[in-house]
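Comments concern the structure below.
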Amino acid sequence: MLKTRQISVGAALVNAVLIYAIGIICFIVPEKIGPYERGFYCGDASIRAETRENTVLAKDLFLATVSLSFIAIFLCESYLYLGSTADNMVHYRWFKYNVPSFIVYTAKFYGFYHFGFVLQIIFNQFSKYFVGRLRPHFIDVCRPTPGYECTSPDQYVTNFTCVAPSETFIGIMSTEGVPCSFSCHAHYIMEARMSFFSGHAASSFYFAVFISLYLRARLATRGINPRWLRKLQISLVIIGAAVSYTRIADNFHHPSDIIFGAFYGVLMGFVTIKYIMGLFIYKDGHIAVENPEGMRVFANFVMPIEGK
1 MLKTRQISVG AALVNAVLIY AIGIICFIVP EKIGPYERGF YCGDASIRAE TRENTVLAKD
61 LFLATVSLSF IAIFLCESYL YLGSTADNMV HYRWFKYNVP SFIVYTAKFY GFYHFGFVLQ
121 IIFNQFSKYF VGRLRPHFID VCRPTPGYEC TSPDQYVTNF TCVAPSETFI GIMSTEGVPC
181 SFSCHAHYIM EARMSFFSGH AASSFYFAVF ISLYLRARLA TRGINPRWLR KLQISLVIIG
241 AAVSYTRIAD NFHHPSDIIF GAFYGVLMGF VTIKYIMGLF IYKDGHIAVE NPEGMRVFAN
301 FVMPIEGK
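For the sequence shown, the UniProt record's numbering assigns the number 1 to the initial residue and increments by one for each residue that follows.
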């Protein structure tokens, strides 16, 4: 029997607005409170690295991942649509207009990508603020006042104040490519207390795992297992690892921050694909679901038409 579904653009917009509104709130609230301010041990050499500029800016990573994920999903759904027959397709309508199924699937799966992405960002932000781990370049950014006393390497120092940097130091720091000034130094002091765990590693590995599993699941519904898919999956993981490594090379994160961030990104990618989107069912083996409905997120995006 031919299945017909009515789509709601308004519901899709509501979902997008709510998802990112929650994400923005979870950015603003912790920033107003500030990160946990922990001290440091006098002999801790792990926080005395020099300050370096970002090799990969956060905004560039965000734009790259959201753009490439859309391209991958759009191309995959278009390919599957061209290979489908009218008998096994679900028909979609927006008011009186017919909408190709690949557009609906692209919007649905891309929306789930953003939902999982925002979830991993939220937990990452709260972890940074609540843990308050000092970055490898903390001492260089903070420039603590010389008033505190260090009588032994094991002494824990809390009575210090971060002071403004020299003119030379100001030239090193930058805010998303813009030279820093004294007014933005407080921002970098706060950022220097937010090492755990790496958002770059989490986001890049989330992207890599999501796209890898998504392509594996969707292409498997048509019995397709191209040779290039495994190479692409390996390439995505390598890119994620390369992005993560830059955070160590730039002295923004400790190796353990990267390892945990990568693990968390992999976990969130898997959870989003399997449990939120429902692309896989583990029952009598590994089965890919052809047309998953996915978990309902806020407003219902696709609804059955009564009697059809």
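All C-beta atoms, glycine included, are put in the ideal place defined by N, C-alpha and C.
Note that the structure is predicted; figures quoted are calculated from it, not measured.
If you ignore the 5 residues before and after F130, its C-beta comes within less than 7 Å of the C-beta of Y36, all in its own chain and listed in chain order. For H91, the uninterrupted beta strand (DSSP E) segment begins and ends at 91-94.
Annotation for T4: the continuous beta strand (DSSP E) segment containing it runs 4-7. Contact between F196 and S101 fails: their C-beta atoms lie close to 43 Å from each other, not under 8 Å.
Every unbroken stretch of the alpha helix (DSSP H) spanning 4 or more residues and falling wholly within the segment 175-250 is given here in chain order: 182-191, 199-220, 227-249. Between G23 and V118, the C-beta gap is smaller than 8 Å, which places the two residues in contact. According to the DSSP assignment, Y97 belongs to the beta strand (DSSP E) that extends over 97-99. Relative to R218, the option among A49, N15, G278, E50 whose CA is nearest is G278. In the displayed model, P30 falls within a helix according to three-state DSSP. Among the bridge pairs identified by DSSP, V157 is matched with F40. Take C76, set aside five residues on each side of it, and the residues of its chain with a beta-carbon closer than 8 Å to its own are Y214, L215, R218, L219, in chain order. DSSP places F115 in the helix class (H, G or I) of the three-state scheme. As the crow flies, the alpha-carbon of F27 is around 19 Å from that of V66. DSSP, reduced to helix, strand and coil, places C150 outside both helices and strands of the structure shown, so it counts as coil. Residues of the same chain with a CB within less than 7 Å of the CB of I103, apart from the 5 flanking positions on each side, do not exist.
Taking all protein chains in view, the Cβ of N225 is surrounded by fewer than 16 other Cβ atoms within 10 Å, so the residue is classified as exposed. Around the beta-carbon of H187, fewer than 16 other beta-carbon atoms lie within 10 Å, marking it exposed.
Taking every protein chain shown into account, the CB of D60 has fewer than 16 other CB atoms within 10 angstroms, so this residue is exposed. In this structure, DSSP gives F280 an extended state, which the three-state scheme calls strand. A straight-line Cα-Cα distance of about 10 Å links T246 and L57. In this structure, Y110 sits near I73, with a CB-CB distance shorter than 8 Å. Membership of E77 in the alpha helix (DSSP H) is indicated by the continuous run 58-82.
Bridge pairing for C162: P144 [DSSP]. About 18 Å separates the beta carbon of P136 from that of F160, a gap too long to meet the 8 Å contact definition. Boundaries of the alpha helix (DSSP H) around S256: 255-271. Look at F138 here: in three-state DSSP terms it is helix. Taking a contact to require three or more Cβ pairs closer than 8 Å, the segment 148-156 and the segment 198-214 do not qualify as touching.
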